[in-house]
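Data block below; observations after.
Chains as they are written, first to last, in my numbering: chain A, 165 to 276; chain B, 894 to 1010.
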């Protein structure tokens, strides 16, 4: 089954404790992206990747890192999480940037 | 920077009534336009998209949208809604062509459509 998977689905952590949210797709897509969703703000793009080893900033990259060492994986790293990073995070992938994006189920992160 | 405005944050409507969800964007270049739907506790899925060609685009579940370049709008319509259409709807825009912004996708803040029996 074609899908985008994210782990973990739920995470509660404390300020400053490094964490990684994994994202994997099995559709051989070149393009992958991370978004955060906050009430009343819609989705905002954090980082995106056009292909392996090619990443770029979106609207809200501060406090986040990404890497794209393999085509299928695009992990999101929070080196020192803060409470303002409490949010619902979505990973998405598509064949190319202009194509339909397939979204993962989301990761709900709470930073206390 | 690109911005996307969804003019209504909430749209309540009765079952079988028509509905229009409005979306305007700001861009001086050619764009690709999308509508995504998010059902409760789920990720987003594509309803329809405009890349080029006919300005009237048909999508899944009976939805359609019309691209109006002069008004920079991409409003979503359905002639008769069902209770199962209750969800949040997001308009999204990306700039076409080559350049550093090709991978950027800008979302509106969303419109909650609630269909009442």
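Think of the CB as a built atom: it goes at the ideal place given N, C-alpha and C, for glycine as much as any other residue. Note that this is a predicted model, so its numbers are computed, not measured.
Chain-order list of chain A residues neighbouring residue 936(B): 254, 267, 268, 269, 270, by C-beta distance under 7 Å.
For residue 264(A), the chain B residues whose Cβ falls inside 7 Å of its Cβ are 939, 942, in order along the chain.
Distance between residue 1008(B) and residue 957(B), taken at the CA atoms: about 18 Å. A contact is defined here as three or more CB-CB pairs under 8 Å, and the segment 215-226 of chain A fails this definition with respect to the segment 916-926 of chain B. Listed in chain order, the non-local C-beta contacts of residue 265(A) below 6 Å within the same chain comprise 256, 258, local neighbours out to five positions each way being set aside.
When only Cα atoms are considered, residue 932(B) and residue 182(A) end up about 31 Å apart.
For residue 237(A), the three-state secondary structure derived from DSSP is strand. Under DSSP, residue 919(B) takes part in a beta bridge, and its partners are 896(B). Contact between residue 909(B) and residue 977(B) is absent: CB atoms are separated by about 12 Å, not below the 8 Å threshold. Taking a 10 Å sphere around the C-beta of residue 245(A), we find 16 or more other C-beta atoms and assign the residue as buried. The beta carbon of residue 206(A) falls within 8 Å of a beta carbon belonging to chain B, placing the residue at that interface. For residue 247(A), the secondary structure class from DSSP, reduced to helix, strand or coil, is helix.
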